[in-house]
Amino acid sequence: MGLDIVPEPRVYLDTALHPASTLALPVDAARHVTRVLRLRPGMPLTLFNGEGGEFDAEIAEIRGQTVTVHIGQYRDVDRESPLTLRLVQGISRGERMDWVIQKAVELGVARIEPVFMARSVVRLDARRAILRRQHWRGVAVSACEQCGRNRIPEVARPVSFGEWAEGYRANGPDGAGHPPGISLLLQPDAEKRLTDIAYTGGPITLLAGPEGGVTETEAGRAVSIGFMPIVLGPRILRTETAALAAFSAIALHWGDF
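So the sequence shown is residues 0 to 256, counted in numbering that gives the first Met the number 0.
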């Protein structure tokens with residue numbers, strides 16, 4: 000089976016892109032291209048703007064802090080998972096949360112919902128929550144640049160478990176009242192395994208706890224709104240491992256692994 004290798008450096012730009020045009024990169028992107036990727040005039044790169052597909056491009060000129068690129072052919076390349084995957088993640092400490100978001104994006108997750116749970120160590124006021132969400136979106140963008148995805152997963156506003164559960168109960172996993180597909184709660188004492196689940200289509204929503212896991216009260220609330228507890232083997236997994244192991248198994252059973 001062949002691999003869809005992404006050989007050229009990839010850069011996300013939050014702007015319209017057009018074939019056969021020239022564009023001056025934004026300051027942050029220009030700094031990334033010159034200082035991190037160390038590209039020089041004449042070197043190729045790939046541009047994408049999160050709307051699907053990607054563009055061949057080439058560094059045209061570097062003058063001071065200004066980097067100009069020639070945009071070439073558009074390529075209708077789709078590396079999205081055939082499954083609609085959503086992660087509801089109990090908020091954990093800095094690098095652990097970043098790791099989960101980065102790897103979830105690599106595994107094809109389309110939406111990430113950070114949730115403050117009873118055992119979450121991290122607590123954020125309104126201003127810090129906005130900044131942290133921006134940071135998490137940056138992590139998702141960088142992961143897309145690395146793994147070849149051309150659509151940026153949505154990172155939702157961090158909310159309390161109670162607010163999230165009420166929204167899920169009222170609106171379904173996509174906020175539009177659509178059929179929920181399957182909703183899975185990772186619990187080390189659950190009886191069912193992933194192989195016991197009959198999946199017939201629709202979005203797959205996974206709820207994973209923070210450090211310390213999900214409390215009995217939270218688990219009961221999740222079950223009451225349609226979540227099915229499952230266990231991932233006999234070993235207890237860390238918060239930064241559990242969801243990633245589950246999504247890997249899901250991709251193997253029902254996705255594109």
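The beta-carbon is built from N, C-alpha and C at its ideal position, and this holds for glycine as well.
In three-state terms, what does DSSP make of residue i?
i, result
"G71", "strand"
"M0", "For M0, the predicted model reports a pLDDT of 43, less than 50, meaning its position is unreliable and no value from the coordinates is stated."
"V80", "A small fix is needed here, since residue 80 is Ser in this sequence, not Val. Residue state, collapsed to three classes: coil."
"Y198", "coil"
"M116", "coil"
"A109", "coil"
"E153", "strand"
"T33", "helix"
"T216", "helix"
"V138", "helix"
"F256", "coil"
"L130", "helix"
"L236", "coil"
"L243", "helix"
Using a 10 Å radius around the Cβ and a threshold of 16 neighbouring Cβ atoms, would you call residue i buried or exposed?
i, result
"I235", "exposed"
"Y198", "exposed"
"H17", "exposed"
"F256", "exposed"
"I203", "buried"
"H252", "exposed"
"A19", "exposed"
"M0", "Per-residue confidence for M0 stands at a pLDDT of 43, beneath the threshold of 50, marking its modelled position as unreliable; the derived number appears in the next sentence. Answer is exposed; the Cβ neighbour count stays below 16."
"E144", "buried"
Could you tell me which residues DSSP puts in a beta bridge with residue i?
i, result
"V66", "I61"
"L46", "V10 and F54"
"Q88", "P113 and A207"
"V26", "According to DSSP, which records beta bridges pairwise, V26 is partnered with nothing at all."
"V158", "V114"
"I229", "L185"
"S20", "I70"
In angstroms, rounded to a whole number, what distance separates the CA positions of residue i and residue j?
i, j, result
"G211", "R118", "6 Å"
"G147", "R78", "7 Å"
"V99", "L184", "16 Å"
"V140", "Y11", "7 Å"
"A29", "L38", "10 Å"
"P157", "E112", "7 Å"
"N149", "S80", "12 Å"
"V121", "I151", "25 Å"
"A241", "L36", "32 Å"
"Q101", "V138", "6 Å"
"F226", "M96", "22 Å"
"R126", "E153", "20 Å"
"E162", "R220", "12 Å"
"A128", "S159", "12 Å"
With a Cβ-Cβ cutoff of 8 Å, do residue i and residue j count as a contact?
i, j, result
"I90", "V108", "no"
"F54", "I70", "yes"
"E105", "A142", "yes"
"R92", "T45", "no"
"L205", "A245", "yes"
"A103", "L193", "no"
"E60", "M42", "no"
"V232", "G201", "Rather than Val, the amino acid found at residue 232 in this sequence is Gly. Taking 8 Å as the Cβ cut-off, G232 and G201 do not qualify as a contacting pair."
"I229", "I196", "yes"
"L24", "V76", "no"
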